[in-house]
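Residues 701 to 843 (the numbering used here) make up the sequence shown, in order. The block underneath contains the structure these notes are about, expressed in structure tokens.
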Amino acid sequence: MLYLALGAAIIWLGLWVYRRSPGVQRGRWRVGAGLVSVVLVAAAGFLAARGEPIPGGLLAVVALALAMGARSQRGPRRTVRKTAGSITDAEARSLLGVAEGAGPEEIRAAYTRLMRVAHPDMGGTAGLAAQLNAARDRLLAGR
């Protein structure tokens, strides 16, 4: 039963390292940790029923740590926000991919096309969507 507790500790350590690696999406970590904690609670109950309270208790502690870690939402979400005043016309045109003499319709069409891909609800990031908003506002403000 020591091997079971050791295996649970290794799984917990692996998930802990995976969670802290750059680029890991928060939702995937939370689902995985929740599923592993459910399995560990079941194993802890099984061990306790067999009369082995120490390995069962260790598994229960690891399961509790995983479950609490999956519930917490540590750290602020970082987004890059550029306001319309901090972006230049050249940056705005480059970001939207429009020419220097582009009219309002062309600017809106480029913004709409890019926002379909870059919107956070469509798999994009909030920072890129904010930059696109700032670019559109900057270019349309001069018209």
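Where a beta carbon is used, it is the ideal one built from N, C-alpha and C, also for glycine. Quick caveat, the model's predicted, so the values are computed rather than measured.
Shortest alpha-carbon distance to residue i belongs to which of the options?
i	options	result
Leu796	Ala830, Asp821, Ala763 and Ala765	Ala830
Ser794	Val736, Arg750 and Leu832	Leu832
Given a cut-off of 7 angstroms on the beta-carbon distance, is the pair residue i and residue j in contact?
i	j	result
Gly827	Ala818	no
Ala748	Gly756	yes
Val717	Leu740	no
Ala742	Leu759	no
Rounding to the nearest angstrom, what Cα-Cα distance links residue i and residue j in this structure?
i	j	result
Ala709	Met822	37 angstroms
Tyr811	Val731	34 angstroms
Ala834	Glu800	17 angstroms
Ala784	Gly734	The predicted position of Ala784 is uncertain, since its pLDDT is 47 and thus under 50; no value can be drawn from it.
Pro820	Ala705	40 angstroms
Ala809	Gly707	55 angstroms
Gly714	Val736	11 angstroms
His789	Ile711	Contrary to the premise, residue 789 reads as Asp rather than His in this sequence. Roughly 51 angstroms separates the two Cα atoms.
Ala765	Met815	40 angstroms
Phe746	Gly769	23 angstroms
Gly751	Leu702	14 angstroms
Ser786	Ala792	10 angstroms
Val738	Pro753	18 angstroms
Count the CB pairs spanning the region 822-839 and the region 800-813 that are closer than 8 angstroms, and state whether there are at least three.
yes
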